[in-house]
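Chemist: First the structure, which I've put down as structure tokens, then a few questions once you've had a look.
Written out as structure tokens, the structure is:
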């Protein structure tokens, strides 16, 4: 992630997780600037406040939902490529996510 230190970073999922404590209340502009740069690196940032993380099950559910969504999108795209290789005359719908 170059010169930023994240609370958690998963390279395979291209995911950055930030847990914002009270100190971040005074750093809103900096955090937004930093997040924009991180997102320009094609990474996703999930932000949680300290009190949200206290509900660990909900926090894990949010992370799980994100991971399932990117896995689902990847698999849909992979399946579409396999189908196109197998059936070259196959036309791709305007929105492949509708498959």
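Residue numbers (this note's numbering): 356 to 454. Glycine included, C-beta positions come from ideal geometry on N, C-alpha and C.
For residue 374, which of 368, 386, 441, 367 has the nearest alpha-carbon?
Modeler: Comparing Cα-Cα distances from residue 374 to each of 368, 386, 441, 367, the minimum goes to 386.
Chemist: Would DSSP call residue 398 helix, strand or coil?
Modeler: Residue 398: coil per DSSP, three-state reduction.
Chemist: Decide yes or no for the touch test of the region 413 to 427 against the region 377 to 393: beta carbon pairs closer than 8 Å, at least 3 of them.
Modeler: No: the two stretches stay apart, fewer than three of their Cβ pairs being nearer than 8 Å.
Chemist: What residue does the beta strand (DSSP E) around residue 375 start on, and which one ends it?
Modeler: Element bounds for residue 375: 370 to 375.
Chemist: Mind reading off the beta-carbon distance from residue 422 to residue 368? Whole number of angstroms is fine, and I expect it under 8 Å.
Modeler: Rounded, the Cβ-Cβ distance is 6 Å, consistent with contact.
Chemist: Taking just the CA atoms, how far does residue 403 sit from residue 380?
Modeler: Their backbone Cα atoms lie some 13 Å apart in a straight line.
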